[in-house]
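Read the structure below first, then the notes.
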Amino acid sequence: MALLTIGVFARAARLSPKALRLYDELGLLTPARVDPSSGYRLYDPAQLEQARLVAWLRRLGMPLTRIRAVCGLEPGAAAAEVAAYWVQAERDTAARRDLAAFLIDHLSGKDNAMTSARSTSGTFGIRYASASHTGTVRERNEDTAYAGPRLLAVADGFGGGEASKAAGAGSAGSAASAPTGSTVRTPASAVAIDALKRLETGDAPLGDLLNALEEAARQANDTVSELAGSDPALAGVGTTLTAMLWSGSRLALVHIGDSRAYLLRDGRFFQITLDHTLVRSMVDEGRITAEEAASHPQRALLLRAMGGGGEFAPDLGVRDVRASDRYLLCSDGLSAVVDAEEIRRVVGSTPEPADAVRALIDAAIRAGGPDNVSCVVADVVTDVVADVVADAVADGVEQAGPPVLTP
Ligand code: MG
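Heads up, this note's numbering is the position in the sequence shown plus 2, with the first residue counted as 1.
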């Protein structure tokens with residue numbers, strides 16, 4: 003069949019000649035022939051389908067490098083790649099939607115209204131409890147749980163000689179030994195949360211809440227990375243982090259890894275964080291089912307974490323709170339062994355945060371306690387005076403803050 007000039011081909015493909023020249027330069031759509039004397043590009047009519055595919059993918063917002071990869075794939079694999087791209091695009095949009103809602107409120111002055119209402123008619127407060135347990139298999143507790151008047155956090159450390167997340171779930175922690183001899187090493191999870199604790203004394207304006215949390219999380223990441231670089235035995239140490247910063251009317255959330263935050267509101271219980279795991283992305287892309295993910299050999303493999311040598315790319319958001327909201331933060335030592343319905347039952351039926359934390363840890367231990375397990379439970383309450391409970395589980399508590407009164 004005769005080759006088409008760039009003008010004819012452009013009209014048939016509903017693209018501009020300029021776009022076709024760009025696609026050629028980028029290696030997305032190479033002309034069938036370039037006239038050696040005139041330099042004119044000539045196209046085969048059979049290339050129309052690829053030209054249209056490139057145009058559609060551009061309309062989808064897909065980056066050029068990724069379009070090039072899709073164009074090189076068989077149709078089935080190309081479909082999977084487009085599906086994976088779109089899952090990520092929707093996730094990014096959802097994260098930006100929360101941020102946009104927060105900014106709209108902030109710029110339209112709703113924050114100020116809330117602040118003044120607070121001083122005249124009382125405010126929300128939080129009642130909270132936290133605890134962490136080594137479990138029945140691991141020798142050390144690499145988790146850290148913390149709850150204070152402004153900060154709630156759970157972190158799950160890995161690497162440095164302990165069973166590594168990167169090594170998958172099959173590696174048992176009982177065979178691991180501390181890499182620094184007789185020195186008791188501070189877990190990366192505790193290093194990260196210690197770096198966040200300065201937020202307890204900070205007094206960031208509401209508009210700066212998210213900035214303050216993100217900045218503190220970045221510094222925590224730097225500190226964990228320095229720890230990893232300080233000793234060859236600690237290379238690869240890192241931690242998950244799921245933390246919330248309380249402002250009196252809002253909660254800012256930072257999240258990286260596979261620890262989780264859940265919200266119980268009006269009887270409905272749902273996870274408000276996305277696991278940064280390989281299996282979660284495989285479920286999103288339709289490659290495996292949620293059931294298959296639960297028993298997948300690489301279910302513990304993290305795509306994102308703090309430290310560990312990777313890029314620090316946490317999810318960030320700000321949440322409005324309502325009276326009677328209950329938040330649960332937990333490490334995968336709970337969520338991987340106690341099913342969501344049981345977690346929901348305990349969280350929904352145990353009034354005191356300290357009792358709920360204790361019951362959740364007990365449930366994980368009854369399920370075998372194969373991993374360290376950490377929980378924070380925080381209730382949003384009104385007209386608070388002395389509203390804080392920081393409790394401990396009687397046996398095997400690793401950290402629990404002292405009782406503190408809110409201002
Ligand atoms: Mg864990």
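Where a beta carbon is used, it is the ideal one built from N, C-alpha and C, also for glycine.
For Tyr45, the secondary structure class from DSSP, reduced to helix, strand or coil, is strand.
The stretch 191-198 makes no contact with the stretch 274-292: fewer than 3 CB pairs, one atom from each, lie closer than 8 Å.
The shortest CA-to-CA distance from Gly161 to any of Asp364, Ser249, Leu303 is the one to Leu303.
In its chain, beyond the 5 residues on either side, Leu247, Ser249, Arg252, Ala254, Val320 have a beta carbon closer than 7 Å to the beta carbon of Leu211.
The straight-line gap separating the alpha-carbon atoms of Asn143 and Arg324 is approximately 34 Å. Residue pairing by DSSP places Met308 opposite Thr241 in a beta bridge. Spanning the alpha carbons of Arg262 and Phe126 requires a straight line of approximately 23 Å. Residue pairing by DSSP places Met246 opposite Leu154, Leu255 in a beta bridge. For Gly319, the secondary structure class from DSSP, reduced to helix, strand or coil, is strand. Ser132 has its Cβ no nearer than 7 Å to any heavy atom of ligand 1.
Nearest C-alpha to Cys73 among Gly309, Leu101, Arg35, Leu28: Leu28.
DSSP lists Ala131, Leu330 as the bridge partner or partners of Val379. Taking a cut-off of 8 Å for Cβ pairs, the stretch 299-315 and the stretch 223-235 touch, as three or more such pairs fall below it. A check of alpha carbon separations from Ala81 across Leu55, Ile128, Tyr329, Gly63 identifies Leu55 as the nearest.
About 15 Å separates the Cβ atoms of Asp46 and Leu17, ruling out a contact at the 8 Å cut-off. Under the DSSP definition of a beta bridge, Gln273 partners with Tyr264. Secondary structure of Phe314 (DSSP, three-state): coil. The set of residues with a C-beta under 6 Å from any non-hydrogen atom of ligand 1 comprises Asp158, Ser333, Asp334, Gly335, Asp373, Asn374, given in chain order.
If you draw a 10 Å sphere on the C-beta of Thr188, you find fewer than 16 other C-beta atoms in it, and that means exposed. Under DSSP, the beta-bridge partners assigned to Val36 are Arg43. A straight-line Cα-Cα distance of about 6 Å links Arg306 and Ile258.
DSSP places Gly9 in the helix class (H, G or I) of the three-state scheme. Exclusion of the five residues before and after Ser191 leaves Glu144, Asp145, Thr146, Ala157, Asp158, Gly159, Thr241 as the residues of its chain whose Cβ lies within less than 7 Å of its Cβ. A direct Cα-to-Cα measurement between Arg346 and Arg60 gives close to 43 Å. Contact check for Val378 and Ser132: beta-carbon distance about 4 Å, within the 8 Å limit, so the pair qualifies.
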